[in-house]
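Each residue of the sequence shown is one higher than the one before, counting from 1344 in our numbering. Where a beta carbon is used, it is the ideal one built from N, C-alpha and C, also for glycine. Let me begin by presenting the structure, written as C-alpha cells, before commenting on it.
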Amino acid sequence: MYKAIIFDVYGTLFDMDSLKNEMIEFDEDTATKITKLWQKTQLRHMFMRQVMQRYIPFDELTKDSLRHTLNVYDIQYNREDINRLFEAFFNLNYYKEIPKSLANLRDKNIDVGILSNGNDNMLMPLIDNSELGGYIDTLISVNEIKQYKPSAASYALVLEYYHMNREDILFVSSNSWDITGASNFGFDTAWVNRTNKKFDVNGPTPSITVSNVSEMVKWLELNHK
C-alpha cells in the first residue's frame, strides 16, 4: 500500500468549468468561451515562463492570462473586474466523489497531500471555502522553489516534505502533462480521465487510468492491500 497519495488541484479535485459560475455578467456562451481560453492561456504562459525561467506567482500569472482573454474578446475591464473574476478561483466546485474518496484514504492511514502550481494566496481560500481542508494532510506549492510543474524540481519538492522512497508515493492528476512529469520523475501515477480523452503521449505514461478519484480508491483496495 502506498504511504502517501499526492493530488493535483485544478481539474483533479476541483472542476475548472465551474469558473464560469461566477461570471454572472456574461451570457452562458460568453462565460464558457472566457473560461476555456483563460485556462488555455494560463497553461501557455506557465510553460513559456518555465522555459524562459521567468517565474511569477500563479495568482499573478492567472490575472495576466485573464487580461489577455478579455482582450481577445474585446471585453472592457478595470482592476476591480480582474480581481472579482479572479476570485472565482476561490470558489471552484469540487467533484462530488472527492470528500468520500479522501476520507477513505485517510481511514487507510494514507497521507493525503496536494502539489500545486497555485500559490498559497490561491490555494488557502479555495481549500477553506470548499471545506476539504479536514481531509488534506499536506499542502505543497511550487512557489517555494519558483518552478512550475512539470519540472523535475517541482516533484522533488514532495520528497522534501515526505521522507519516503518514490515508490511509496502515488501521484494523481487529470492533466496528461502533469502525469508525464511525475512519471518521468519516478512516481507511480494515476491519470483521472473524466471525459474519456486520449492520453497525450509525450514521454512516460500513467501507471493506471481511472474515470474518477473513487475508482482510483477502489483500485487501491484491490491491488495494494
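Inset, instruction - Please name the residue in LEU1362, ASP1370, SER1517 whose C-alpha comes closest to that of THR1552. - result: SER1517
Inset, instruction - For ASN1436, decide whether its Cβ has a neighbour in chain C, counting only Cβ atoms nearer than 8 Å. - result: Considering every chain present, this structure includes no chain C. It has just one protein chain.
Legend entry - Euclidean distance between Cα positions of GLU1564 and ASP1407: 43 Å
Inset, instruction - Give a yes or no on whether the C-beta atoms belonging to VAL1535 and SER1444 are separated by under 8 Å. - result: no
Inset, instruction - Enumerate, from N- to C-terminal direction, the unbroken beta strand (DSSP E) stretches of 3 or more residues contained entirely within the region 1420–1463. - result: 1454–1459
Inset, instruction - Could you check which residue in GLY1477, ASN1460, TYR1505 has the C-alpha nearest to that of GLU1487? - result: ASN1460
Inset, instruction - Decide if the region 1495–1502 is in contact with the region 1526–1542; the criterion is three or more beta carbon pairs, one per stretch, under 8 Å apart. - result: yes
Legend entry - Bounding residues of the alpha helix (DSSP H) (the contiguous stretch that carries ASP1417): Segment: none, ASP1417 is in no alpha helix (DSSP H) and carries neither H nor E.
Inset, instruction - Compare the Cα-Cα distances from ASN1436 to each of SER1494, GLU1474, ARG1449 and report the closest residue. - result: GLU1474
Inset, instruction - Counting only the same chain and skipping the five closest in sequence on each side, list residues whose C-beta sits under 6 Å from that of SER1497. - result: VAL1485, GLN1490
Legend entry - Pairwise C-alpha distance: PHE1350 and LEU1356: 8 Å
Inset, instruction - Would you mind listing the alpha helix (DSSP H) stretches within the region 1355–1410 that are 4+ residues and don't spill past its ends, in chain order? - result: 1371–1395
Legend entry - Distance cut-off 7 Å: SER1484 Cβ against heavy atoms of the ligand GTP: In the structure on display, the ligand GTP does not appear, and there are no ligands present to speak of.
Inset, instruction - Put ASP1543 into one of helix, strand or coil per three-state DSSP. - result: coil
Inset, instruction - Would you kindly check if the distance between the Cβ of ARG1392 and the Cβ of ILE1399 is under 8 Å? - result: yes
Inset, instruction - Could you tell me the boundaries of the beta strand (DSSP E) in which ASP1531 lies? - result: 1531–1535
Inset, instruction - Using beta-carbon positions only, say whether ASP1480 and ASP1454 come within less than 8 Å of one another. - result: yes
Inset, instruction - Taking only the alpha-carbon atoms, compute the straight-line gap between GLU1510 and ALA1495 and give it to the nearest angstrom. - result: 16 Å
Legend entry - Contact check, ILE1348 vs LEU1448, beta carbons under 8 Å: yes
Inset, instruction - Below 7 Å CB to CB, which residues in the same chain sit around PHE1433 once its five sequence neighbours on both sides are set aside? - result: PRO1468, LEU1469, ASN1472
Legend entry - alpha helix (DSSP H) segment containing THR1552, residue limits: Where THR1552 is concerned, there is no enclosing alpha helix (DSSP H), although the beta strand (DSSP E) it sits in stretches over 1551–1553.
Legend entry - VAL1515 in three-state terms, based on DSSP: strand
Legend entry - Residue of ASP1360, ASP1424, LEU1380, THR1405 minimising C-alpha distance to TYR1438: ASP1360
Legend entry - Buried/exposed call for LYS1363, threshold 16 Cβ in 10 Å: buried
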